[in-house]
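Asks: Residue numbers (this note's numbering): 12 to 800. Next up is a structure, given as structure tokens.
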């Protein structure tokens with residue numbers, strides 16, 4: 012790899028604003044954005060660093076560091092393209108123009124720090140030392156850099172200028188007034204000017220190419236407003252447009268950014284990347300956008316990318332974010348679906364949404380049909396608590412189908428919920444929807460969706476400052492309350508957190524009022540001032556709150572949701588097909604062979620803890636055993652059916668007995684030397700070995716898995732939700748077609764799925780095409796480690 016040519020040093024401002032540098036702000040940079048707030052902070056810092064002792068020799072004042080400037084610059088030439096530092100250089104130039112205006116002493120000499128004078132002897136032309144972007148360049152020269160410019164500022168109508176020009180005007184006025192007020196004496200202004208020029212420093216780092224300069228910027232930058240990926244892509248794309256059209260497309264680019272807002276504009280490029288790449292992000296958005304979008308469109312010019320990719324997708328994103336799609340028919344229904352999608356709590360759904368909206372913008376009937384199904388899917392995946400990998404896989408499949416003009420309405424389409432998914436959603440809706448979800452946003456989504464459907468005139472929920480979920484039957488009723496007369500202990504446990512017992516309030520919770528008896532609670536808590544939620548109004552109209560009423564309300568609400576999302580419960584499921592297994596209560600090493608006990612006690616100071624959960628979900632039973640939280644000790648418990656009898660079994664892979672010989676150093680050596688791919692192969696081999704006939708569920712635990720995570724896994728038959736904290740985890744399920752394997756194993760830079768690696772740096776992890784290849788690779792490494800021990 013060739014060395015990067017980097018030059019860097021600290022320069023006093025008098026050297027920065029000298030013939031050694033001519034600073035040019037490229038058009039891809041965002042406009043000047045510092046406001047009075049940042050400008051005031053800079054001036055305050057300078058005055059504080061100068062101090063108030065006017066008798067102190069300037070030479071004895073400590074130097075003051077103003078930060079870093081990153082440039083693209085040839086070492087032997089003054090012309091410099093500014094990658095980082097535009098805000099500070101522009102504000103310093105305004106400051107010197109203000110000091111030039113206010114000073115009486117040698118004020119004209121300050122002009123040499125603002126503009127380079129011409130000299131036939133030095134061979135220099137008259138030109139500004141700082142050239143802003145083309146759109147602001149003439150304005151900045153006329154009103155700031157020109158010697159009479161500040162005098163004309165008051166003539167400008169602020170309503171006729173851009174945001175960046177307004178910032179220039181307002182910062183100039185602020186500095187003129189602030190310095191005149193805080194430094195009224197000529198000597199004070201002279202002293203400040205001397206201090207800035209002689210004892211304030213910028214570290215200037217420059218390199219001859221853009222990529223190197225940006226890498227340096229990424230490391231050094233910790234102040235100001237960051238250069239975003241859109242600024243860099245702007246350079247990539249607009250830099251290839253001819254000079255006569257560069258300004259036109261720069262303006263178009265910035266108009267799109269202004270319409271969306273900076274954050275949404277940056278987000279847009281991530282969504283476009285997903286449409287083209289159709290897989291999870293493996294590196295940076297910048298690199299991936301270049302690799303998939305720009306490379307695919309490389310046979311077309313940059314105008315095509317702006318006109319036919321960025322602009323239409325930006326319009327679609329604006330419609331989704333602001334619910335402002337317009338058409339002669341169905342626009343209201345479509346925009347309402349956009350609102351519901353926005354409430355799902357993630358943005359994974361946006362790429363297929365903007366793709367479909369862009370493709371069929373002028374076919375509102377198609378849009379309504381698609382987004383009705385799409386909101387149903389997004390809500391379903393949210394209720395099922397699908398993790399990001401599963402959601403991305405589903406949405407990616409939809410993207411592929413949209414691009415290929417496939418049938419999105421077929422039963423096997425990724426846009427449609429499967430029969431099994433519909434059943435699982437119904438089961439969740441019939442259960443505890445209050446505590447099932449860590450974030451109450453999902454529960455709130457369900458309740459708002461209900462409220463909207465039963466309301467004659469649904470309110471705009473976005474206008475509420477606060478919407479909370481309240482239990483009608485309280486969570487902690489007083490012992491002598493009527494609640495304990497209406498509900499037995501068992502009935503309270505059954506109905507407390509179900510849909511039928513929940514309402515919405517447009518206020519914060521009040522724990523005391525929550526426990527009021529029903530009549531008082533309705534009058535003083537639910538109905539103050541007047542509730543606008545139909546879901547709550549119907550409860551207020553009820554005279555009493557008994558188990559029968561809750562059950563009936565719950566059934567009605569679930570049926571309403573099934574109608575909204577067109578959910579069908581399977582009639583073929585026998586909910587009593589499996590008997591409950593006997594609970595397993597491990598006692599130390601009681602169920603292990605003496606040899607394993609001896610090994611465990613020798614290697615680990617405490618017994619390995621076996622943790623068992625038993626949870627009925629669709630009346631199918633699961634059991635789990637987590638291995639001890641240290642890498643390399645594997646154990647599994649399997650729930651096995653032999654004829655009509657169920658039993659729990661343990662298995663241990665024999666090779667680990669030899670590896671764990673406590674008299675040898677083999678295991679210690681292995682744990683120190685093994686690389687990630689070795690552990691992945693060990694996991695893969697071991698877990699594949701654990702499959703045998705009649706096994707219903709096998710879940711092998713790994714480091715950092717806690718009860719809550721395992722419990723969540725058990726709630727979903729055949730699925731495991733991995734997160735960023737996890738190490739290798741695999742889940743097996745028995746289906747009518749045999750045993751299916753759904754695998755996720757954690758990589759330091761990503762995830763590998765189903766024996767294939769998809770990570771951010773594939774150089775760090777072997778890609779095993781088969782179990783045999785993994786076995787061979789592992790045998791070689793283990794043989795080496797054991798022989799070396």
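Beta carbons: idealized from backbone N, C-alpha and C, even for Gly.
Counting pairs of Cβ atoms below 8 Å between the region 275 to 285 and the region 343 to 363, do you hit three or more?
Replies: Enough Cβ pairs lie closer than 8 Å, so yes.
Asks: Pull the bridge partners of residue 216 from the DSSP assignment, please.
Replies: What you label residue 216 is simply residue 205 of the chain shown in a count that begins at 1. Its beta-bridge partners are 19, 81.
Asks: If you count every other CB in all the chains shown that lies within 10 Å of the CB of residue 641, and 16 or more means buried, which is it?
Replies: In the chain shown, counting from the first residue as 1, residue 641 sits at position 630. For residue 641, the predicted model reports a pLDDT of 30, less than 50, meaning its position is unreliable and no value from the coordinates is stated.
Asks: Hey, how far is the Cα of residue 565 from the Cα of residue 471?
Replies: For the purposes of this step, residue 565 is identified with residue 554 of the chain shown, where counting begins at 1. For the purposes of this step, residue 471 is identified with residue 460 of the chain shown, where counting begins at 1. If I take the Cα positions, the gap works out to 25 Å.
Asks: Tell me, please, which residues DSSP counts as bridged to residue 139.
Replies: In the chain shown, the residue the question calls residue 139 occupies position 128. In DSSP, residue 139 forms a bridge with 126.
Asks: Locate the alpha helix (DSSP H) running through residue 271, then write down its first and last residues.
Replies: Residue 271 sits at position 260 when you count from the first residue of the chain shown. Counting along the chain, the alpha helix (DSSP H) containing residue 271 begins and ends at 254 to 271.
Asks: Tell me the DSSP secondary structure of residue 797 in three-state form.
Replies: Taking the chain shown and counting its residues from 1, one reaches residue 797 at position 786. Model confidence at residue 797 stands at a pLDDT of 37, short of 50, so the residue's coordinates are unreliable; what they give is reported in the following sentence. DSSP places residue 797 in helix when its eight states are reduced to three.
Asks: Nearest CA to the CA of residue 488: which residue from 527, 467, 451?
Replies: One-based indexing of the chain shown puts residue 488 at position 477. Checking every option, the nearest Cα to that of residue 488 belongs to 527.
Asks: Select from 379, 324, 38, 499 the residue whose C-alpha is nearest the C-alpha of residue 144.
Replies: Position 133 of the chain shown, counted from the first residue, corresponds to residue 144. When each option's Cα is compared against that of residue 144, the closest is 38.
Asks: So residue 543 packs on residue 456, CB below 8 Å; how close in whole Å?
Replies: To locate residue 543, count along the chain shown from 1; it is residue 532. To locate residue 456, count along the chain shown from 1; it is residue 445. Actually they do not touch by this definition, with Cβ atoms about 18 Å apart.
Asks: To the nearest angstrom, report how far apart residue 699 and residue 435 are at their CA atoms.
Replies: Counting from one through the chain shown, the residue named residue 699 turns up at place 688. Counting from one through the chain shown, the residue named residue 435 turns up at place 424. Caution applies to residue 699, whose pLDDT of 42 falls short of 50 and renders its modelled position unreliable; the value that the coordinates give is listed next. If you take the alpha carbons of residue 699 and residue 435, they lie about 28 Å apart.
Asks: Cα separation between residue 220 and residue 462?
Replies: Here the question's residue 220 lines up with position 209 in the chain shown. Here the question's residue 462 lines up with position 451 in the chain shown. One C-alpha to the other measures close to 58 Å.
Asks: Here's the rule I'm using: 16 or more other beta-carbon atoms within 10 Å means buried, otherwise exposed. How should residue 115 be labelled?
Replies: Walking along the chain shown from the start, residue 115 turns up at place 104. The residue is exposed, with fewer than 16 neighbouring Cβ atoms inside 10 Å.
Asks: Tell me whether residue 30 sits in a helix, a strand or coil according to DSSP, three-state version.
Replies: What you label residue 30 is simply residue 19 of the chain shown in a count that begins at 1. If DSSP states are grouped into helix, strand and coil, residue 30 belongs with coil.
Asks: If distances are taken between C-alpha atoms only, which option among 43, 390, 411, 82 comes closest to residue 572?
Replies: Here residue 572 refers to the residue found at position 561 when the chain shown is read from its first residue. Looking at the Cα atoms, 390 is the closest of the given residues.
Asks: By how many angstroms is the C-alpha of residue 90 removed from the C-alpha of residue 802?
Replies: The question about residue 802 has no answer here: the residues shown for the chain are numbered 12 through 800.
Asks: Along the alpha helix (DSSP H) that carries residue 106, what are the first and last residues, could you check?
Replies: Sequence index remark: in the chain shown, residue 106 carries index 95 (1-based). Unbroken alpha helix (DSSP H) run through residue 106: 97 to 113.
Asks: Near residue 328, what residues of its chain come up, given a Cβ to Cβ distance below 6 Å and the 5 sequence neighbours on each side ignored?
Replies: For the purposes of this step, residue 328 is identified with residue 317 of the chain shown, where counting begins at 1. Only 279, 365 meet the Cβ criterion.
Asks: Rounded to a whole number of angstroms, what is the C-alpha to C-alpha distance between residue 577 and residue 382?
Replies: What you label residue 577 is simply residue 566 of the chain shown in a count that begins at 1. What you label residue 382 is simply residue 371 of the chain shown in a count that begins at 1. Roughly 14 Å between the two C-alpha positions.
Asks: Mind checking who residue 90 pairs with in its DSSP beta bridge?
Replies: Residue mapping note: residue 90 aligns to position 79 of the chain shown, counting from 1. Bridge partners of residue 90: 33.
Asks: Does the region 208 to 216 come within contact of the region 70 to 80, defined as at least 3 CB pairs closer than 8 Å?
Replies: At 8 Å Cβ cutoff, the stretches touch.
Asks: So the candidates are 506, 45, 146, 21; which of them puts its Cα closest to the Cα of residue 266?
Replies: Within the chain shown, the letter at position 255 stands for residue 266. Of the listed residues, the one whose Cα sits closest to residue 266 is 146.
Asks: Assign residue 514 to one of three DSSP states: helix, strand, or coil.
Replies: As a position in the chain shown, residue 514 is number 503, starting the count at 1. Strand, per DSSP.
Asks: Hey, quick one: how far does the beta strand (DSSP E) through residue 481 stretch, first residue to last?
Replies: For the purposes of this step, residue 481 is taken as residue 470 along the chain shown, with counting starting at 1. 479 to 482 is the span of the beta strand (DSSP E), which, as asked, contains residue 481.
Asks: Within the chosen definition, does the region 104 to 114 reach the region 123 to 140 through at least 3 CB pairs nearer than 8 Å?
Replies: They touch, by the three-pair rule.
Asks: Use the C-beta contact count for residue 352: other C-beta atoms within 10 angstroms, 16 or more gives buried, fewer gives exposed.
Replies: Translated into positions along the chain shown, residue 352 becomes position 341. Burial call: buried.
Asks: In the DSSP assignment, find the unbroken alpha helix (DSSP H) run with residue 240 in it and report its ends.
Replies: On the chain shown, residue 240 is found 229 positions in, with the first residue counted as 1. Here the alpha helix (DSSP H) through residue 240 covers 240 to 249.
Asks: Can you say whether residue 27 is buried or exposed, counting buried as having 16 or more other CB atoms within 10 angstroms of its CB?
Replies: Working through the chain shown from its first residue, we reach residue 27 at position 16. Buried, by the Cβ-count rule.
Asks: Smallest Cα separation from residue 295: which of 312, 340, 277, 311?
Replies: Reading the chain shown from its first residue, position 284 is the one you call residue 295. Of 312, 340, 277, 311, the residue nearest in Cα terms is 277.
Asks: Three-state secondary structure (DSSP) at residue 76?
Replies: Residue mapping note: residue 76 aligns to position 65 of the chain shown, counting from 1. Residue state, collapsed to three classes: strand.
Asks: Identify which residue in 63, 555, 460 has its Cα closest to the Cα of residue 493.
Replies: In the chain shown, residue 493 corresponds to position 482, counting from 1. Nearest of 63, 555, 460 to residue 493, Cα basis: 555.
Asks: Skipping 5 residues on each side, what residues in its chain have a beta carbon closer than 8 Å to that of residue 339?
Replies: Looking up residue 339 in the chain shown gives position 328. Excluding residues within five positions, the ones whose Cβ falls inside 8 Å are 375.
Asks: Looking at the unbroken alpha helix (DSSP H) that takes in residue 494, where does it start and where does it end?
Replies: What you label residue 494 is simply residue 483 of the chain shown in a count that begins at 1. 494 to 497 is the extent of the alpha helix (DSSP H) around residue 494.
Asks: Do you know offhand how far residue 183's Cα is from residue 109's?
Replies: Taking the first residue of the chain shown as position 1, residue 183 is located at position 172. Taking the first residue of the chain shown as position 1, residue 109 is located at position 98. When rounded, the distance between both Cα atoms is 7 Å.
Asks: Check whether the Cβ of residue 342 lies closer than 8 Å to any Cβ atom in chain B.
Replies: Any reference to chain B falls outside this structure, which holds one protein chain only.
Asks: Among 189, 40, 511, which residue has its Cα nearest to the Cα of residue 454?
Replies: Against the chain shown, residue 454 aligns to sequence position 443. Comparing Cα-Cα distances from residue 454 to each of 189, 40, 511, the minimum goes to 511.
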